[in-house]
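Under full-length UniProt numbering, the residue at position 8 of the sequence shown is numbered 8, and the numbers go up by one with no gaps. Idealized CB from N, CA, C, for every residue including glycine.
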Amino acid sequence: MARQFTFLQLEALVAIADMGSFEAAGRKLGSVQSGVSRHVRELESQFPRPLFDRASRSARLTVDGLEVLSQARTILQQRDVLLSQYASEKVLRRSLRLGMTELAALTWLPAFIDALRSTYPLVDVELEVGGVAADLYEKLRLARLDLAILPDTPRWTDMLRFPLATVRNGWYCSPAFKLKRRRLAVSELGQLTLLSQAADSAAGHVMSTWLERNGVQPRNIMTCNSFSALGGMASAGLGVACLPNAIAGELVTLGRLREIHVTPVMPPVRYVAVARHDALTPFHRRVIALARATCDYGTRYQDADAREPLGTQER
């Protein structure tokens with residue numbers, strides 16, 4: 001009798017490999033651990049040797065298991081391509097694991113989700129928001145995410161990168177901060193306490209590179225990987241913050257921040273959708289097109305009804 005595999009069995013194998021345990025795989029698949037174990041046992045029963053190393057406490061694949069895993073990924077990708085090309089968008093049922101950094105979540109995420117639900121009403125979206133872009137990139141590389149919306153970096157040469165928009169950051173401080181002038185040369189920043197994302201983030205890297213090129217060595221830098229927290233720190237008078245205007249605009253309107261104009265102007269940060277070469281399907285390309293159509297880094301989502309861009313985004 002010919003061996004027969006099911007998509008559920010292959011999905012269970014891939015989920016265990018991606019998530020690192022049967023329990024985590026169950027959560028990803030919306031199933032209980034016993035259900036995942038059953039699918040794996042049924043799959044293993046069709047091979048002469050085990051796919052998992054039972055002597056290991058972790059879910060470690062054998063050599064045969066790794067080969068089957070590779071083939072399983074290919075089969076599931078081919079299934080996704082077939083469904084993406086020929087199934088109606090309204091009945092396509094699948095998941096989308098999407099990672100994005102804080103700025104996208106604070107600006108155009110709601111508009112994107114609305115567009116995605118309208119186009120693919122049966123697609124389950126699993127969002128991972130925040131953290132450092134490098135962490136999301138690593139999860140994408142390990143196939144724990146399908147797509148990621150990230151600040152661009154030339155280090156990611158092994159990934160497909162689709163441009164979305166560029167974002168300009170500005171300098172902001174509390175009106176009570178002891179600063180006599182609102183126009184400064186970049187060299188004067190070196191005498192101030194600067195508030196910024198860390199250098200391993202895209203925004204922090206752009207800022208530190210720009211300062212270095214202009215011969216500036218800041219006396220003191222306080223780092224934080226949350227733009228919202230940096231805005232609060234600047235409002236409290238802790239220093240001059242490097243912020244996107246969409247984050248700072250509301251605080252400026254409330255009178256808690258004021259903008260400092262620095263010359264020369266700092267270069268923009270380019271944002272991209274990132275995908276693996278081996279996992280891009282027509283469905284993912286359509287999702288990226290929806291992201292490009294809805295991305296607006298210039299308007300914080302609380303202010304979306306007003307639709308008055310704050311001048312941070314370029315196409």
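Local Cβ density within 10 Å of residue i, reported as buried at 16 or more and exposed below that
i           : result
residue 19  : buried
residue 225 : buried
residue 284 : buried
residue 312 : Since pLDDT at residue 312 reaches only 44, below the 50 mark, its modelled position is unreliable, and the value read off the structure follows with that caveat. It is buried - the Cβ of residue 312 has at least 16 other Cβ atoms within 10 Å.
residue 299 : buried
residue 67  : exposed
residue 191 : exposed
residue 97  : buried
Under the three-state DSSP convention, the category residue i falls into
i           : result
residue 225 : coil
residue 45  : coil
residue 332 : Since the first and last residues shown for the chain are 1 and 315, residue 332 lies out of range.
residue 143 : coil
residue 167 : strand
residue 258 : strand
residue 99  : strand
residue 198 : coil
residue 265 : coil
residue 153 : coil
residue 124 : strand
residue 279 : helix
residue 183 : strand
residue 193 : strand
residue 162 : strand
residue 132 : coil
residue 81  : helix
residue 270 : strand
Limits of the alpha helix (DSSP H) - the one that residue i falls within
i           : result
residue 205 : 202 to 213
Presumed contact (8 Å Cβ cut-off) between residue i and residue j, rounded CB distance
i           : j           : result
residue 99  : residue 148 : 4 Å
residue 233 : residue 195 : 5 Å
residue 151 : residue 101 : 7 Å
residue 160 : residue 274 : 7 Å
residue 11  : residue 76  : 7 Å
Reference residue i, options the options, closest by Cα
i           : options               : result
residue 206 : 270, 157, 252 and 193 : 270
residue 296 : 165, 49, 124 and 222  : 165
residue 193 : 181, 252 and 242      : 242
residue 129 : 106, 117, 73 and 141  : 106
Minimum Cβ-Cβ distance from residue i to chain C less than 9 Å
i           : result
residue 132 : Included in the structure is just one protein chain, with no chain C present.
The beta strand (DSSP E) enclosing residue i, as first and last residue numbers
i           : result
residue 243 : 240 to 244
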